[in-house]
Every structure is written in C-alpha cells, then in structure tokens.
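So the structure is just underneath, and the comments pick up after that.
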Amino acid sequence: MTTQERIERSYEPGAYAAQARGWIETNLTDALRTDRATQEASLAEKIAFEAAQHEAGLVGITWPVEYGGHGLGLREHLEANREIGLSPMPNAVNSIGKELAGPIIMTVGRDDQKRDLLPKILKMENIWCQGFSEPGAGSDLVALRTRAEKTADGWKVNGQKIWTSGASKSQYCLLLARTGSADDRHKGLMLFAVPMESPGIDVREIVSIDGARSFCEVFFNNVMVAEENMLGAPDEGWAAASRVLSIERATNRMYRSWRFESEIDHLVAACRSDNRTYQILKGYSAEIAQARIAVENLKGHVETMVADLLNGQQIGPRGSLPKLYWSEAHQRWAQMAYEVTTRFPLDGGQALTDARARFETIYLASRAETIYAGTTEIQLDIISKRILNLKKAA
Amino acid sequence: MDFDLDPKEFEDTARAVMEACAEAAPPARARLLAEAGLIGVAAPETIGGLGLPLDFAVPVVAAAGEGLLGFPLMEAMLVARALAEFDAAEAEAVITGETTVTIAWQGVAEDGVVGAAPMGETVDRVVIFRADGSAVLARIGATIAPRRGATLDIETPEARFVLTGQLDGIELSVDAVETLCSDAMVLRSAFVRGSAEKCLALAVEYAQDRSQFGKPLSANQVIRHRLSRDKLATETMRNALARALTEVPGGDVHLAREACWLATARAGIAVAESAIQVFGGMGFTWEVPLHRHLRQMRTQAQAGGVAEKTEALGQRLIGASTNAWYGEIANVV
Ligand SMILES: Cc1cc2nc3c(=O)[nH]c(=O)nc-3n(C[C@H](O)[C@H](O)[C@H](O)COP(=O)(O)OP(=O)(O)OC[C@H]3O[C@@H](n4cnc5c(N)ncnc54)[C@H](O)[C@@H]3O)c2cc1C
Numbered sequence: 001m002t003t004q005e006r007i008e009r010s011y012e013p014g015a016y017a018a019q020a021r022g023w024i025e026t027n028l029t030d031a032l033r034t035d036r037a038t039q040e041a042s043l044a045e046k047i048a049f050e051a052a053q054h055e056a057g058l059v060g061i062t063w064p065v066e067y068g069g070h071g072l073g074l075r076e077h078l079e080a081n082r083e084i085g086l087s088p089m090p091n092a093v094n095s096i097g098k099e100l101a102g103p104i105i106m107t108v109g110r111d112d113q114k115r116d117l118l119p120k121i122l123k124m125e126n127i128w129c130q131g132f133s134e135p136g137a138g139s140d141l142v143a144l145r146t147r148a149e150k151t152a153d154g155w156k157v158n159g160q161k162i163w164t165s166g167a168s169k170s171q172y173c174l175l176l177a178r179t180g181s182a183d184d185r186h187k188g189l190m191l192f193a194v195p196m197e198s199p200g201i202d203v204r205e206i207v208s209i210d211g212a213r214s215f216c217e218v219f220f221n222n223v224m225v226a227e228e229n230m231l232g233a234p235d236e237g238w239a240a241a242s243r244v245l246s247i248e249r250a251t252n253r254m255y256r257s258w259r260f261e262s263e264i265d266h267l268v269a270a271c272r273s274d275n276r277t278y279q280i281l282k283g284y285s286a287e288i289a290q291a292r293i294a295v296e297n298l299k300g301h302v303e304t305m306v307a308d309l310l311n312g313q314q315i316g317p318r319g320s321l322p323k324l325y326w327s328e329a330h331q332r333w334a335q336m337a338y339e340v341t342t343r344f345p346l347d348g349g350q351a352l353t354d355a356r357a358r359f360e361t362i363y364l365a366s367r368a369e370t371i372y373a374g375t376t377e378i379q380l381d382i383i384s385k386r387i388l389n390l391k392k393a394a
Numbered sequence: 001m002d003f004d005l006d007p008k009e010f011e012d013t014a015r016a017v018m019e020a021c022a023e024a025a026p027p028a029r030a031r032l033l034a035e036a037g038l039i040g041v042a043a044p045e046t047i048g049g050l051g052l053p054l055d056f057a058v059p060v061v062a063a064a065g066e067g068l069l070g071f072p073l074m075e076a077m078l079v080a081r082a083l084a085e086f087d088a089a090e091a092e093a094v095i096t097g098e099t100t101v102t103i104a105w106q107g108v109a110e111d112g113v114v115g116a117a118p119m120g121e122t123v124d125r126v127v128i129f130r131a132d133g134s135a136v137l138a139r140i141g142a143t144i145a146p147r148r149g150a151t152l153d154i155e156t157p158e159a160r161f162v163l164t165g166q167l168d169g170i171e172l173s174v175d176a177v178e179t180l181c182s183d184a185m186v187l188r189s190a191f192v193r194g195s196a197e198k199c200l201a202l203a204v205e206y207a208q209d210r211s212q213f214g215k216p217l218s219a220n221q222v223i224r225h226r227l228s229r230d231k232l233a234t235e236t237m238r239n240a241l242a243r244a245l246t247e248v249p250g251g252d253v254h255l256a257r258e259a260c261w262l263a264t265a266r267a268g269i270a271v272a273e274s275a276i277q278v279f280g281g282m283g284f285t286w287e288v289p290l291h292r293h294l295r296q297m298r299t300q301a302q303a304g305g306v307a308e309k310t311e312a313l314g315q316r317l318i319g320a321s322t323n324a325w326y327g328e329i330a331n332v333v
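Residue numbers (this note's numbering), protein chains in the order written: chain A, 1 to 394; chain B, 1 to 333.
See the structure below:
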C-alpha cells in the first residue's frame, strides 16, 4: 500500500464493502473456500481467482491507475478487506508481490520499473518471493552474506537464502544482497528484482510442520543480474525496505482481524450443526468471548493505523504493536479452536469434518505467526528500544 | 458534527484540576471540578454543560484515574447526562457541584440492598437500579442508609445501601439507564487507562533509575520485554477506546464498547501488578502509589461487572450464528 497523496474522491461509507461482498459471493467457489477443507483448488485456479479479484477491485485498491491499480484510498481498502476477511477466501498466493515488493518498487523504483513490474503483480503474471533471510541471518538480518559483485556484464550474485516463502512458484525474487563485506553490516546492502528463471538459481522446497511445501532454500550460484534490475541506489533500497516493512507490519493482510472473526463464526456454526458438539462448545464460552474481544482490539489497532496513515502520520516502530498483538491472540485462539475440534464425535457429518481439517491447519500454521515478519522477541525489543526508549546503561 | 475543540486539549486542564483536588478536602473537590467545567463536559448546554460528545469526557476521566481523584466523577458525569431530560434543575445542581451523586453499581432495589457505590457515605444522592431496567435517583437518608462496604479502593471507598422504605426520587427510564450503562463502559475504560498508563510510566522511570549488578534494571531484556508488553496493553486500551467512540461501516459500537471495557479492565490490573513487580520491595510499600492504582482498578473491574459481562458475551456468541457464510451449517441447535 502506498501513502502517497491522491485526489480525495467521493467516499460513501459501506458502498465499497457491499460491492466487494457481492463479488465474493458470486465468485468464491466451493473448491476455493477454505472452510471446505476436503476440496482444494489447484494453484492455477487460485492464481486465476486472484487475478479476477484485482479486476473486480478487491486488490491493488490504493495503487495508482498508471501502475495498474484502482487509485482509491485506504478507506476503500479497509472496507474491501473487511469483506475478504469475513468470507472463507483463501490467503493470497502473491501477497509478497502485493504487500512487499510492490510497495518497495513504488517507493524506490524507476518509472520504467514501476510501469513494467507493478501491473504484472496485480495481473498475477509475476508472483514474487522475498529473499532476505539466510541460514546465518534471521533476526539479525544485516548479518546476511549473499554477495552481489559488480562486473562488466552486470551483478554477479552468490549465496544462499532460506525460508523463502513461495520461491518454487515465483517468477521474481526481491533479493537483499550485499555489495561489500559482511562486516559492513547496514552499509552496502542492495535490493534487486531477480527473475527466478535466471541461470544459476536452485530452489529446494522445505516441508513445514503443517505438511505444506511453501518455504524454500534458494541457492545463487554465479547468477547474473542486469544493472537495470537494481531497486533503488545502493543503501537506499535497504533504507526504503525498512520503512516499507514497518508500514507492512502494521497494515499487511489488513483483513486479518475479520478473518479471525470469521474463524470464530465458523467454529460456532460448525458446533451448532450437531447437538453433541454444541454441548462441548458451551464449556468454552469464556474462551470464545476472549477470542472475540481480541478480534475487536485488533480492529482497534488496524483502524487506528489507517486513521494515522490517512492523517499523514508515520507508523515507524508502532507497527510492532499490532504484529505482536495479532500473532499471540491468534495463536491462543487457534489452540483452543483445534482443541474443540479434536473432541468432535466420529460420525458428526461433513460440517464437522471440514471444521476439524481447517482448524488443524490453522493451529499448525499459526505457530509461524510469532516467528515470521520479526519474531515476538524482536518486536518486544523494538518496542522497548524505539517506543519506550528504555536505556541500557546508566 | 464538527467541533473546533480537540479532546486532547482537555487533558492538561483536567490534570491540573486533579492535582488541585489531591490537595483539597473531599467536599471542596466537587467545586474545583465544577468550576473547571469538568463534570458537565459531555452534558447538554441546556443544563449548564458544555454540550460536547463523550469523546471529551474521556481525557477528563483518564486524568481522574491517573491522579487518584477522590471523587465519583464518572458517576456525576453519567448522572448529569441521564438527568437532563427528566429533571433539568437537579442535573444542573450535579454539574455545579451543589448536589453530589453516586451510583450503586451492584444489585437492584428489589434485593433490599444495593452496593458498589463509590463514596456512598459522603454524597447526597444515589442512583439505584431496578429489576425492570429503570432506575431512581434517591436522596440518601433514613430509609436509604449507607453502610461502609468491604472496599478495596481507598480513593472513593465503596458503600452499600440498606433499603428499608419506599424508594422515592427522580425516575430514570429504561432507555436512559441503558445509555448510562453503555457510556459507563467507555468512561470506566478511560479511567482504567489513565490509571494503567500512570503505573507504566512509574515503572518505566523506576526501571531506568534503579541499578543492580552495575546497570539499570532496564538493561535486562526480561524487564524491557515486560514493560513492552505493558505498553502494548495500554496502547490496545487507547485504540479500543477510540473504536468504542466511532461508528464505522459494518461496525457494532455496542460490541466495541463491551470489548473495550472487558479487555481494558483485565489488562489494567495486570499492568499495575507488573509495575509492582518491577519496583521490587518498594512496590510492596504503602507509600508507593501503585497499590492505590491496583485497588481502584480492581474495584472498577468488579463494579463494571467484568466477570458477568464476559460470561454473557460468550453465551451470546455461541447462542447464534450470524455470519452468512456459515449460515447453512448452523441449523441444528
Ligand atoms: C512460515 C515462515 C515463512 C517465512 N518466509 C520468509 C520469506 O518469505 N522470506 C524471508 O526472507 N524470510 C522468511 N521467513 C524467515 C523469518 O523472517 C525468520 O525465521 C525470522 O526472522 C527469524 O529468524 P530465524 O529463523 O533465523 O531465527 P533466529 O533469529 O535464530 O531466532 C531464534 C529464536 O531466538 C530468538 N532471538 C533471536 N535474537 C534474539 C534477541 N536479540 N533477543 C532475544 N531473543 C532473540 C528469536 O526470537 C527466536 O525465538 C519465514 C519464516 C517462517 C517461519
């Protein structure tokens, strides 16, 4: 999402949400619904669905029209995301493209890069992955060692990335590499847009605890990257990336609180499909209340960030607050929801089978939520250092 | 409506008045608050209020929580707003501080005893709820006699009232009581937020002043992370409160208020307890005001029915399925 100023258009509260809801109702097929865990759409179907979402105005809402976006504001974005969240829509395949690479390109890219790369993200021609983390550089990202060496034919990249989500299905990698030595730390870091079909790139999938094959190891062996694929000047790319990361931390997957609400709704509905499970659910009413309270609090965080962005304020380290809040609240919920579904009767019917499968996936997947996008410990470090300004020495 | 004023501007005024109140004897506090226009901030102009929305009462009540104000300010504000349509003269007397009031938050008249009335022993009138959802503002006297209750709070000690006769006074309708109780969730949240933010500020300061092992307490990651979590808690209160005061498309203000209060009440207590831990032995002393904050926040949580309201919310949430996406499966019970 960009914060750049744009012409204030007529905004009618609720209208954009109604339009989005109508579209989802018509286009979300059973195969795509995440509450029908027994039926899984293929990657191609998900990609087509995501491209259609863009055409319908559900994504790229705040991106400028000249870059393939809809040129609208954060309020429309928030409304559409509310409807996306409340529905059992699948998570985006190209969220790295839309919520990370796109905004960075928008901030530091050249105009020709923007015109070329941005529309392809929204049209789902280019799926992006994020090549930041390395075996030796996780929380301490600036310890990364992947090197980009300038040659007469462009940049020659050598090194290894890890935990690169979606690398095996991506067309582009947002690569963070260093041009100097590892001792330079923050200096000499450079961002590149690297086509994944470049010779010398080797991708190996890693199976995660939920059985998925999403994140990967990516090896760069003398990969040549053209000069024109640099994103921003040396150092500038990283500085911009940090800025963008803090906004993303606050606003990415803005639908999250409504999706969380929708998960609660699903569990309640599933339990209400069978009298025996309804009796089980009654024993969890206090936890359901706490989960819903967390949902409302999360909405409070998101809406405040949106209001602040609309007022032209910086988010900065405050992005850590909602990240910390949602990840932990959602984990608590996921544990409880999964526990309820393990107590479902054996012959409970399709609704319970579906719910059990969905909440098992959610429970396992939620374990990553306090790890990626900056671990819980790192968020707490950011809050203590940059929000509370706590001193470390007398 | 557009107001030239910003609720934040009331914060400084309110803080200064709270400081003055801390020096004054209890009876003089009503006058100090009234003179600054604080009791009537969110009351209609027709009864001498400032006619501002509830948003403007928030920083005032937060300052009361922060400043350990020994006066039932929130109750006075709520009663003045509610009375406006039933008895303008009496409402005005509340705003000017001539009449002091409290609310018995616990129990209904039919029980013969009502309680959780802050400063019930020293005020003139008390709002007593009835089982049908209405209420009456009654004069405290022989048939409505205050008794010191078991009170944790020392700023505004709670009383109960034993009702022995006819309940006479100004009638408040069911609707008016509903609004009063809904607004109370907002103002209580503001009060607790002010109190919790004060506890956090004290802990942050202490952690940086106090040294052990040759470095400030705040150099240790466990302390830093504890304080960061407390900061997350108070920021969550702030954002929830903003939400409880705003209509958003597709939003549910009642639920937002309830969620705000229920989360704030519990988190406030936790922040105070955390601050006591950061202060070590000092935190356990009578002199350090953290226990007073803890006491008043616990008292608010109890008077604000946190346990019952959480239970009721849970029942409501499992008692119906409202998301149309899952409508078709929720049809058995
Ligand atoms: C599902 C998933 C998807 C991911 N996708 C991507 C991706 O697409 N692209 C990408 O670049 N990366 C991705 N990551 C990587 C992610 O950003 C890192 O896992 C994360 O930054 C943590 O790094 P690490 O795994 O090396 O853990 P480490 O940094 O080794 O941390 C291990 C533990 O030590 C704690 N710790 C570390 N430093 C401190 C400290 N100073 N104080 C206290 N505790 C500390 C951490 O909090 C953690 O609990 C993904 C991770 C996951 C789980």
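All C-beta atoms, glycine included, are put in the ideal place defined by N, C-alpha and C.
- For phenylalanine 10/B, there is no enclosing beta strand (DSSP E); the residue is part of the alpha helix (DSSP H) that begins and ends at 9 to 23.
- Within the model, the alpha-carbon separation for aspartate 183/B versus alanine 256/B is close to 12 Å.
- Cα atoms of methionine 237/B and threonine 29/A: separation of roughly 39 Å, rounded to the nearest angstrom.
- Secondary structure of glutamine 160/A (DSSP, three-state): strand.
- Using a Cβ-Cβ distance cut-off of 8 Å, the region 281 to 295 of chain A and the region 219 to 229 of chain B are not in contact, since fewer than three pairs of beta carbons, one from each stretch, lie closer than that value.
- Residue-level contact check: asparagine 239/B touches chain A, since one or more beta carbons of chain A fall below 7 Å from its beta carbon.
- Classified as buried, glutamate 197/B has 16 or more neighbouring CB atoms from the shown chains inside 10 Å of its CB.
- Comparing alpha-carbon positions, the option among Lys161/A, Gly154/A, Gln113/A lying closest to glycine 136/A turns out to be Lys161/A.
- Proximity of the beta carbon of isoleucine 127/A to ligand 1 is not indicated: no heavy atom of the ligand is located closer than 6 Å.
- With fewer than three CB-CB distances shorter than 8 Å, the region 127 to 147 of chain A does not count as touching the region 253 to 267 of chain A.
- Around the C-beta of histidine 254/B, fewer than 16 other C-beta atoms lie within 10 Å, and the residue is accordingly described as exposed.
- Contact of threonine 234/B with chain A is not assigned, every C-beta pair being separated by 7 Å or more.
- Of the candidates Leu309/A, Ile84/A, Ala240/A, Ile84/A places its Cα closest to the Cα of threonine 34/A.
- Taking glycine 327/B as reference, the option from Met336/A, Ala270/A, Asn275/A with the minimal CA-CA separation is Ala270/A.
- Remark: C-beta atoms of histidine 330/A and glutamate 369/A approach each other more closely than 7 Å.
- Contact residues of the region 243 to 255 of chain B toward chain A are Arg243, Val248, Pro249, Gly250, Leu255 (C-beta to C-beta distance below 7 Å).
- Contact of glutamine 315/B with chain A is assigned, a C-beta pair being separated by under 7 Å.
- Ala104/B is the residue among Val94/B, Gly169/B, Ala104/B whose C-alpha sits nearest the C-alpha of glutamate 121/B.
- Within 10 angstroms of the beta-carbon of alanine 80/A lie 16 or more other beta-carbons, which makes it buried.
- Taking CB atoms only, lysine 323/A has no neighbour in chain B less than 7 Å away.
- Judged by DSSP in its simplified three-state form, arginine 259/A adopts helix.
- Cβ neighbours of tyrosine 338/A within its own chain (closer than 8 Å, five residues either side excluded): Phe359, Glu360, Ile362, Tyr363.
- If the five residues before and after arginine 193/B are omitted, its C-beta is found closer than 8 Å to the C-beta atoms of Ala62, Gly65, Thr234, Met237, Arg238, Leu241, Thr264, Gly268, all from its own chain and listed in chain order.
- For proline 118/B, there is no enclosing alpha helix (DSSP H); the enclosing beta strand (DSSP E) covers residues 113 to 118.
- Just so you know, the alpha carbons of glutamate 92/B and glycine 48/B end up roughly 6 Å apart.
- Annotation for glutamate 155/B: Leu68, Gly70, Gln296 place their beta carbon closer than 6 Å to its own, counting only its chain and skipping 5 residues before and after.
- For ligand 1, no non-hydrogen atom lies closer than 6 Å to the CB of tryptophan 23/A.
- Neighbours of histidine 330/A in chain B, taken as residues whose beta carbon is under 7 Å from its own, are absent, since the nearest beta carbon is some 15 Å off.
- By the criterion of a C-beta distance shorter than 6 Å, arginine 29/B is surrounded in its chain by Cys21, Phe71, once the five residues flanking it on both sides are discounted.
- Of all C-beta pairs linking the region 268 to 282 of chain A to the region 90 to 103 of chain A, fewer than three are shorter than 8 Å, placing the two stretches out of contact.
- A straight line joining the alpha-carbon of alanine 355/A with that of glutamate 263/A spans about 10 Å.
- Shown in chain order are the members of the region 284 to 309 of chain A whose Cβ falls below 7 Å from a Cβ of chain B: Ser285, Ala286, Ile288, Ala289, Arg292, Ile293, Glu296, Asn297, Lys299, Gly300, His301, Glu303, Thr304.
- Counting other Cβ atoms within 10 Å of its Cβ, valine 194/A reaches 16 or more and is therefore classed as buried.
- Taking 7 Å as the Cβ-Cβ cut-off, the region 68 to 88 of chain A approaches chain B at Glu79, Arg82, Leu86, Ser87, Pro88, given in chain order.
- Pairing glutamine 277/B with proline 216/B, the inter-Cα distance amounts to about 15 Å.
- Annotated three-state conformation of tryptophan 261/B is helix, per DSSP.
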